[in-house]
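Numbering (UniProt numbering), first residue to last: 1 to 237.
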Amino acid sequence: MWKKKKNIEKWNAHLQNLDAFDILRWGIQTFGKTRIAFASSIGVEDQVITHMIMSIDKNVRIFTIDTGRMFQEVYFTIEKTENRYDFKYEIYFPDYRQVEKMVNEKGINLFYNSIENRKLCCHVRKVEPLRRALRGVKCWICGLRREQSLTRENIQPIEWDEVNGLYKLNPLYNWTTEKVWQFIKEHKIPYNKLHDQGYPSIGCMPCTRAIKEGEDIRSGRWWWENPEHKECGLHRR
């Protein structure tokens, strides 16, 4: 672990001087395109990263997790993105046996009843499929930004993911929302049209709502919980 921390310190000192394209290039070169993977939520940040990866190396793995409770607009965006860049996402699903057990024991909308239930649902539908997707990977690429929430305000270009036992690369770590949208429009990148309807952060349909003017950009995710609890387990801090 000491060696990993020393690597991260050295790498971050270097990466903080690079733009997002070069951070991605560095990650692909450092870990190799067969040992690095991009986990896309199909959110606007991840659409930016997908565009960048497609311009660097189309052979880099890009996967997404279908929790079974997504907005239809997510599937439209997947289809449009695959057609635009001529590739196919690797799509991972939760284990149906775990889902059946959870729903039969806790209820179909268990996540509204307690934080523990909500985290259980996220674990079954997101965390477990992620672990399968990351097998054999040394580093995963994420669309996290410091501006997104209180739980993300200190993220670095590269971090050690203790839970999954691998490195995590955050090429957009210091991007603003304005910069993300400027890039989307400049390159005419497909994006989820719910973003135009007041949904800056999109997760599962039952746990996502449109936000009001002046609200934090992630306030529409698990809106019944306090801000410090608003992570699904994919990005523990």
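Glycine included, every Cβ here is placed at the ideal spot set by N, Cα and C.
If we ignore side chains and look at the alpha-carbon of each, how far apart do residue i and residue j end up?
i	j	result
tryptophan 175	valine 48	11 Å
tryptophan 140	asparagine 104	33 Å
alanine 133	threonine 30	20 Å
cysteine 121	alanine 210	21 Å
residue 246	cysteine 204	The question about residue 246 has no answer here: the residues shown for the chain are numbered 1 through 237.
aspartate 19	serine 41	22 Å
lysine 33	asparagine 113	42 Å
lysine 101	histidine 14	47 Å
glutamine 197	threonine 77	15 Å
histidine 123	lysine 212	28 Å
glutamate 79	glutamate 116	34 Å
lysine 106	proline 190	37 Å
glutamine 98	asparagine 17	44 Å
serine 219	threonine 177	15 Å
Leaving out five residues on either side along the sequence, give the residues of the same chain with a beta carbon under 7 Å from the beta carbon of residue i.
i	result
glutamate 73	Asn192, Lys193, Leu194
tryptophan 11	Ile158
arginine 221	Ser201, Gly203, Cys207, Thr208, Lys230
Rounded to whole angstroms, how far is the Cβ of residue i from the Cβ of residue j, which I believe are closer than 8 Å?
i	j	result
threonine 50	tyrosine 75	Not a contact, Cβ separation roughly 16 Å.
tryptophan 160	isoleucine 23	No, tryptophan 160 and isoleucine 23 are not in contact; Cβ-Cβ is about 16 Å, not under 8 Å.
proline 94	threonine 67	6 Å
leucine 144	tyrosine 173	7 Å
Closer than 8 Å by C-beta to residue i: which residues in its own chain qualify, once you throw out the five before and the five after it? Chain order, please.
i	result
phenylalanine 87	Met54, Lys58, Ile62
tryptophan 181	Val44
Put residue i into one of helix, strand or coil per three-state DSSP.
i	result
leucine 166	strand
cysteine 142	coil
tyrosine 92	strand
tryptophan 181	helix
arginine 221	strand
aspartate 86	coil
threonine 151	helix
threonine 176	coil
According to DSSP, which residues form a beta bridge with residue i?
i	result
isoleucine 49	None, per the DSSP bridge assignment.
arginine 61	Ala37
tryptophan 160	Tyr167
Ordered along the chain, which non-local residues of its own chain (more than five positions away) have a Cβ less than 6 Å from that of residue i?
i	result
proline 200	Ile217
asparagine 109	none
glutamate 153	Arg146
Could you tell me whether any non-hydrogen atom of the ligand ATP is closer than 7 Å to the CB of residue i?
i	result
proline 94	Because no ligand of any kind appears in the structure shown, any question about the ligand ATP cannot be addressed here.
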